[in-house]
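All remarks here apply to the structure that follows.
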Amino acid sequence: MGHYLLKRSLTLILVLLGVSLLVFGFVRLIPGDPAVVMLGERATPENIERIRAQLGLDKPVYEQYLIFISNALRGDLGTSVLRQEPVTREIIRRFPATIELAFGAMIIATLLGIPLGILSAVKRNSWFDASSMVVALTGVSMPVFWLGLMLIFLFAVTLRWLPSGARLDANTQFQPITNSVLLDSLLQGNPALFFQGVRHLILPALALGTIPMAIIARMTRSSMLEVLNQDYVRTARAKGLHERGVILRHALRNALLPVITVVGLQVGILLSGAILTETVFSWPGIGRWLVDAIYARDYPIVQGVTLTIAIIFVVINLFVDVLYTLVDPRVRLD
Amino acid sequence: MSTAMTSRASAASPTAQALTRPPRSLWRDAGERLLSNRLAQLGMVIVVFFIFLALFVPILFPYDARVDSDLVAQLNPPSLKHPMGTDEQGRDVLRRIAHGAQASLGVGIGAVSIAVIVGTILGLVSGYVGRSLDLGLMFGMDILLSFPGLLLAIAVVALIGPGLRNSLLAISIVSIPVYARIARATVLSLKQQEYITAAHAVGAQGGRILFRHVFPNSLSPVMVAATLGIAAAILETAALGFLGLGQQPPYPEWGAMLADSVKYLTSGAWWVLLFPGLMIMLTVLGFNLLGDGLRDALDPRLRTS
Chain S
1 MGHYLLKRSL
11 TLILVLLGVS
21 LLVFGFVRLI
31 PGDPAVVMLG
41 ERATPENIER
51 IRAQLGLDKP
61 VYEQYLIFIS
71 NALRGDLGTS
81 VLRQEPVTRE
91 IIRRFPATIE
101 LAFGAMIIAT
111 LLGIPLGILS
121 AVKRNSWFDA
131 SSMVVALTGV
141 SMPVFWLGLM
151 LIFLFAVTLR
161 WLPSGARLDA
171 NTQFQPITNS
181 VLLDSLLQGN
191 PALFFQGVRH
201 LILPALALGT
211 IPMAIIARMT
221 RSSMLEVLNQ
231 DYVRTARAKG
241 LHERGVILRH
251 ALRNALLPVI
261 TVVGLQVGIL
271 LSGAILTETV
281 FSWPGIGRWL
291 VDAIYARDYP
301 IVQGVTLTIA
311 IIFVVINLFV
321 DVLYTLVDPR
331 VRLD
Chain Z
1 MSTAMTSRAS
11 AASPTAQALT
21 RPPRSLWRDA
31 GERLLSNRLA
41 QLGMVIVVFF
51 IFLALFVPIL
61 FPYDARVDSD
71 LVAQLNPPSL
81 KHPMGTDEQG
91 RDVLRRIAHG
101 AQASLGVGIG
111 AVSIAVIVGT
121 ILGLVSGYVG
131 RSLDLGLMFG
141 MDILLSFPGL
151 LLAIAVVALI
161 GPGLRNSLLA
171 ISIVSIPVYA
181 RIARATVLSL
191 KQQEYITAAH
201 AVGAQGGRIL
211 FRHVFPNSLS
221 PVMVAATLGI
231 AAAILETAAL
241 GFLGLGQQPP
251 YPEWGAMLAD
261 SVKYLTSGAW
271 WVLLFPGLMI
281 MLTVLGFNLL
291 GDGLRDALDP
301 RLRTS
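Here's what the structure looks like:
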């Protein structure tokens, strides 16, 4: 195990170095002078000089990369062009909103997806199975931003049950501690604020969680079907165990193993989807910030957010791989 | 390949022909399995319909998006004259949807085709040559895979500029690693097979061995991945269009049409929101169903249900 972890971690470091090189090269590949492109109409000679100095564009490329990577290792991702804010500080400030959204989506996806998959497998070929698989198939085929807009139209505009976006009502006072509304409201002992936060979270989380939910339901169903045909399940039934016990204790535990990997693989979908969901719901996370930065050609932000998301993505993927080898002793480490 | 061998054997000996079942080809078997799968049939119908739309609508009903507007018919609800209503410039939503099919399917199919060609060649060569070339190429693929697909596509478009052609390029770059990995895995699993050694022995060159003897074995996984990949690429095209990074106005594209609809959410114009999204969903569903069907047909051991 130790050997395996070491090997995987070393590969991870190499890959991250490659990723940093790509993200670094990103700004340098822009056709023309990046400083001019970024400044657009504000490109006076002084401004251009200032941006070139700020981005270190006046130094040789290898030196620029060394500065970039050593700064990044110390947690400094540069300064935004437009507002002159430290990118790292802003990422830390906005990230809790994205995490909240992703967690909400994952909770919806697993709490609905796994039971849906189990029931479909147990009631195989019934109308319930057929209709839940139709839901799953359409779920994976839906553009997340369209689903989000439809949810807004239905539940916020037409029925007025839930807010259409943002994390809190416009006039709500909020003293952030961790910048996670749900966590902070609990820390401050403010249930009203907590429920307001939950109300704002429901629609975006539902939109973002639907695709993972559909994938998890399909995976649970096929994994469950496979396990239900195993000898040990027949043995459990032959012993006269209650059907519920057979399914929940004997079948489900083994069926969930591949589902864990699938749940882990949703991280990429969640991070990609968050960019779109946050845009649709005016959710103040890093995804929407990234999109705004692209419109504004604020490349230090684009660079910083891209690097951050890639790091999170590969680290979680490694974590899921390791977790899988831990829960399934049949998987050999290699 | 198996066809050639069976038919040659049966042609050589009439007794053998009498004793064995009629020759059957792998592809024909798969085709029959595919055609007997209800969901795959549905997928095929949807896919064929949208491909027809994309190919023939621009020819049969020429349309100039630049001059299309009818200021007296702004945001009209669906009617006999406009079955899907009109948008904020009085443009017929049905017509723009029909013409938008070209953008979505063109980018989806085009991006995946490029990715399949480039990825397969990279994977085959990488696996065959091995050593440092393999290490380097696969490291590059690992780096591309370190980004969630859409994020990388967005970053590439942010770099090279918005537009339909650039989205195509971005999405194909993002999709390359998938096919490179499949092709490489095929080479690695076949490299030590006796028929490859035999091909070497009769003097076949690397390129011939790769493309005549190894490549056909990666066809079925690549076909499945490509069909599902088109579905993903169509979603990514729509996402880029929605973010304003894809097709630029006034030209119709489903994702961009949805972005326009956002402004009219509160005024109750549901038709500009519903129909373009429905088309994206249907097309993607079609390719997903077809891809699932292909997987079941080409590898019956993996049958999901």
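Those sequence lines, one after another, are chains S and Z.
Position 170 of the first sequence, counting from 1, maps to 170 under the working numbering, and the rest follow consecutively.
Position 268 of the second sequence, counting from 1, maps to 268 under the working numbering, and the rest follow consecutively.
Backbone N, C-alpha and C fix where the C-beta goes; we use that ideal spot for every residue, glycine too.
Since the structure is predicted, the reported quantities are computational estimates derived from the model, not experimental observations.
Point to revise | With 16 other Cβ atoms within 10 Å as the buried cut-off, status of Leu149(S) | key: Burial check for Leu149(S): the Cβ neighbour count within 10 Å reaches 16 or more, so the residue is buried.
Review point. Does any C-beta atom of chain Z lie closer than 9 Å to the C-beta of Trp146(S)?
Key: Contacts with chain Z at 9 Å (Cβ-Cβ) include Trp146(S).
Point to revise | Alpha-carbon to alpha-carbon, Gly264(S) and Val315(S) | key: Their Cα atoms are separated by approximately 11 Å.
Check your understanding: Taking the alpha-carbon positions, what's the Val181(S) to Tyr299(S) distance?
Key -> So the alpha carbons of these two residues sit roughly 29 Å apart.
Point to revise | Where Asp92(Z) falls: helix, strand or coil (DSSP) | key: It is a strand residue.
Point to revise | Residue environment, Arg28(Z), which counts as buried when at least 16 other CB atoms sit within 10 Å | key: Counting Cβ neighbours within 10 Å, Arg28(Z) comes out exposed, since fewer than 16 surround it.
Review point. At a CB-CB cut-off below 7 Å, which residues of chain S make contact with Ser146(Z)?
Key: Within chain S, the residues near Ser146(Z) are Val15, Val19, Ala310, Phe313 and Val314.
Practice item. Compute the Euclidean distance between the alpha carbons of Val15(S) and Val156(Z), then round it to the nearest angstrom. Key: Straight-line Cα distance between these residues: approximately 19 Å.
Check your understanding: Shorter than 9 Å from the beta carbon of Val224(Z) to some beta carbon of chain S?
Key -> Chain S, which has no Cβ nearer than 9 Å to the Cβ of Val224(Z), makes this no.
Check your understanding: So, helix, strand or coil for Thr86(S), using DSSP?
Key -> Here residue 86(S) is Pro; the residue named in the question, Thr, does not match the sequence. Pro86(S) falls in the strand class under three-state DSSP.
Check your understanding: What is the DSSP secondary structure of Thr86(Z), counted as helix, strand or coil?
Key -> Look at Thr86(Z) here: in three-state DSSP terms it is strand.
Review point. Does the beta-carbon distance from Leu133(Z) to Val174(Z) come in below 9 Å?
Key: Result no, Cβ atoms of Leu133(Z) and Val174(Z) do not sit closer than 9 Å.
**Study point:** Beta-bridge partners of Thr79(S), as assigned by DSSP
**Key:** According to DSSP, Thr79(S) bridges with Pro86(S).
Review point. Residues in the segment 127-144 of chain Z with C-beta within 9 Å of chain S's C-beta atoms, listed in sequence order?
Key: Going along the segment 127-144 of chain Z in chain order, one finds Phe139, Gly140, Asp142, Ile143 and Leu144 with a Cβ nearer than 9 Å to chain S.
Practice item. Check whether the Cβ atoms of Val259(S) and Met219(S) sit closer than 9 Å, and answer yes or no. Key: In this structure, Val259(S) lies near Met219(S), with their beta-carbon atoms less than 9 Å apart.
Check your understanding: Anyone know if the C-beta pair for Pro96(S) and Asn179(S) falls short of 9 Å?
Key -> Yes. Within cutoff.
Review point. Which parts of the segment 263-325 of chain S are runs of the alpha helix (DSSP H), unbroken and 4 residues or longer, counting only runs that do not cross its ends?
Key: If only complete runs of 4 or more residues are kept, the segment 263-325 of chain S shows the alpha helix (DSSP H) at 286-295, in order along the chain.
Review point. Looking at chain S, which residues of the segment 238-249 of chain Z have a Cβ within less than 8 Å of any of its Cβ atoms?
Key: Within the segment 238-249 of chain Z, Ala238, Ala239, Phe242, Leu243, Gly244 and Leu245 place their CB atoms closer than 8 Å to a CB of chain S, listed in sequence order.
Check your understanding: Cβ of Gly268(Z) less than 9 Å from any chain S Cβ?
Key -> Using a CB distance cut-off of 9 Å, Gly268(Z) counts as an interface residue toward chain S.
**Study point:** Short CB-CB distance (under 9 Å) between Ser261(Z) and chain S
**Key:** Yes, its Cβ sits closer than 9 Å to a Cβ of chain S.
Practice item. Thinking Ala105(S) and Leu208(S) are a contact (beta carbons under 8 Å), I'd like their distance in whole angstroms, please. Key: About 4 Å separates the Cβ atoms of Ala105(S) and Leu208(S), confirming a contact at the 8 Å cut-off.
Practice item. May I have the straight-line CA-CA distance separating Ser305(Z) from Asp296(Z), to the nearest angstrom? Key: At Ser305(Z) the pLDDT is 41, less than 50, meaning the model places this residue with poor confidence and gives no usable figure here.
Point to revise | Same chain, Cβ closer than 7 Å to Leu290(Z), neighbours up to 5 away in sequence not counted | key: Same-chain partners within the cutoff: Ala40, Gly43, Met44, Val47 and Thr227.
Check your understanding: At least one CB of chain S closer than 9 Å to the CB of Val178(Z): is that the case?
Key -> No, Val178(Z) does not count as interfacial toward chain S.
Exercise for review: Grab the span of the alpha helix (DSSP H) containing Trp254(Z) for me, first residue to last.
Suggested key: First-last of the alpha helix (DSSP H) with Trp254(Z): Trp254 to Ser261.
Exercise for review: Sort Arg249(S), Pro86(S), Val23(S) and Ile286(S) by Cα distance to Gln64(S) and report the nearest one.
Suggested key: The residue with the shortest Cα to Cα distance from Gln64(S) is Val23(S).
Point to revise | Enclosing alpha helix (DSSP H) for Met279(Z) [first to last residue] | key: Counting along the chain, the alpha helix (DSSP H) containing Met279(Z) begins and ends at Trp270 to Leu298.
Check your understanding: Considering only C-alpha positions, which residue in the set Ala158(Z), Leu298(Z) and Val112(Z) is nearest to Leu235(Z)?
Key -> The residue with the shortest Cα to Cα distance from Leu235(Z) is Val112(Z).
**Study point:** 8 Å Cβ shell around Val19(S) - same chain, five flanking residues per side excluded
**Key:** Result list for Val19(S): Leu307, Ala310, Ile311 and Val314, in chain order.
Check your understanding: Beta carbon of Phe145(S), beta carbon of Val280(S): below 9 Å?
Key -> With respect to Val280(S), Phe145(S) sits close: the two C-beta atoms are nearer than 9 Å.
Point to revise | Straight-line Cα distance separating Asn317(S) from Leu6(S) | key: So the two alpha carbons sit approximately 15 Å from each other.
Review point. Closest Cβ-Cβ distance between Met281(Z) and chain S: below 9 Å?
Key: So yes, Met281(Z) belongs to the interface.
Point to revise | Rounded straight-line distance, which links the Cα of Pro148(Z) to that of Ile51(S) | key: Straight-line spacing of the CA atoms in Ile51(S) and Pro148(Z) works out to 30 Å.
Review point. Is DSSP giving Met1(S) helix, strand or coil here?
Key: If DSSP states are grouped into helix, strand and coil, Met1(S) belongs with coil.
Check your understanding: When burial is assigned at 16 or more other CB atoms within 10 Å of the CB, is Asp184(S) buried or exposed?
Key -> Here Asp184(S) is buried: its Cβ has 16 or more other Cβ atoms, across all protein chains shown, within 10 Å.
Check your understanding: In chain S, which residues lie less than 9 Å from Leu71(Z) when you measure between Cβ atoms?
Key -> The contacting residues do not exist; Leu71(Z) stays about 25 Å from chain S at best.
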